[in-house]
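Participant:
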Amino acid sequence: MSVQEIRIKNDGKWYADDRLMFRKAIVKLFATNLVRDENDQYFIKLNQETFPVVVEDVPFLATDAYVDGGAIVFVLYDEQELRVEEEVPVVFIDDTPYLSFRWENDTRISRSAFWMVSNFLVERDNQVYLVPPGKLHD
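Converting from the sequence shown to my numbering requires adding 6 to each position, the first position being numbered 1.
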């Protein structure tokens with residue numbers, strides 16, 4: 007690969023040398039092969055090669071959400087899915103909600119996706135939780 011820099015910007019979009027990567031299949035391939043080291047640096051590992059990735063905020067952005075039976079499914083910008091079947095904490099950093107996908111608080115929830123799941127949010131002991139349908143208790 008002859009790209010000098012791969013970057014995931016704050017809006018969740020992937021860029022190669024400041025050009026938007028618009029082919030979702032490539033973005034998904036890179037995202038599924040994204041790893042993080044002990045220094046919180048991100049890399050794409052493909053075959054025997056490793057490529058550094060600059061991440062401005064977090065590597066994943068939930069852009070959509072829907073209910074699937076007893077689960078809430080978030081669709082990420084890279085078209086991966088984050089399936090929530092049990093109660094999970096939602097962390098707010100500067101009023102922005104985050105979930106954990108592969109690593110702690112690595113997925114920002116877009117405003118539209120957040121409102122789609124707002125009926126499944128419960129506050130308890132100064133912490134907000136996302137509780138899938140069927141797990142909600144009034």
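Yeah, the Cβ is synthetic: ideal placement off N, Cα and C, and Gly gets one too.
Every value quoted in this text rests on a predicted model; they were computed, and no experiment measured them.
Return the CA-CA distance between T38 and I12, expressed in angstroms with no decimal places.
Facilitator: As a first step, residue 38 is located in the sequence shown; it is residue number 32 there, counting from the start. As a first step, residue 12 is located in the sequence shown; it is residue number 6 there, counting from the start. About 15 Å.
Participant: Alpha carbon to alpha carbon, what distance is there between T56 and V33?
Facilitator: Position 27 of the sequence shown, counted from the first residue, corresponds to residue 33. Position 50 of the sequence shown, counted from the first residue, corresponds to residue 56. Each residue's Cα considered, the two are about 16 Å apart.
Participant: Using the Cα positions of D100 and R114, report the straight-line distance between them to the nearest angstrom.
Facilitator: Here residue 100 corresponds to residue number 94 of the sequence shown, with the count starting at 1. Here residue 114 corresponds to residue number 108 of the sequence shown, with the count starting at 1. For D100 and R114, the distance between alpha carbons rounds to 12 Å.
Participant: Thinking C-alpha only, which one of V137, W109, E85 and Q10 is nearest E44?
Facilitator: Counted from its first residue, the sequence shown places residue 44 at position 38. Of the listed residues, the one whose Cα sits closest to E44 is W109.
Participant: When you compare only the Cα positions, how much space is there between A119 and L52?
Facilitator: Counting from one through the sequence shown, the residue named residue 119 turns up at place 113. Counting from one through the sequence shown, the residue named residue 52 turns up at place 46. Distance between the alpha carbons of A119 and L52: 31 Å.
Participant: At least one CB of chain B closer than 8 Å to the CB of V134: is that the case?
Facilitator: No chain B is part of this structure, which consists of one protein chain only.
Participant: So what's D13 in DSSP terms, helix, strand or just coil?
Facilitator: Locating residue 13 in the sequence shown gives position 7, where the first residue counts as 1. One point to set straight first is that residue 13 is Arg, not Asp, in the sequence displayed. R13: strand per DSSP, three-state reduction.
Participant: Residue range of the alpha helix (DSSP H) that F49 falls in?
Facilitator: By one-based count along the sequence shown, residue 49 stands at place 43. Here F49 belongs to no alpha helix (DSSP H); instead the beta strand (DSSP E) covers Y48 to L52.
Participant: Quick one: complete alpha helix (DSSP H) runs, 4+ long, within the stretch 70-144?
Facilitator: 117-122
Participant: Please state the DSSP three-state secondary structure of T33.
Facilitator: The count along the sequence shown starts at 1 and reaches residue 33 at position 27. Position check: residue 33 holds Val in this sequence, whereas Thr was assumed. Helix, per DSSP.
Participant: Within 10 angstroms of its Cβ, does D84 collect 16 or more other Cβ (buried), or is it exposed?
Facilitator: For the purposes of this step, residue 84 is identified with residue 78 of the sequence shown, where counting begins at 1. Burial call: buried.
Participant: Is the separation between the beta-carbon of E91 and that of A77 shorter than 8 Å?
Facilitator: As a working mapping, residue 91 is identified with position 85 in the sequence shown. As a working mapping, residue 77 is identified with position 71 in the sequence shown. Yes. Within cutoff.
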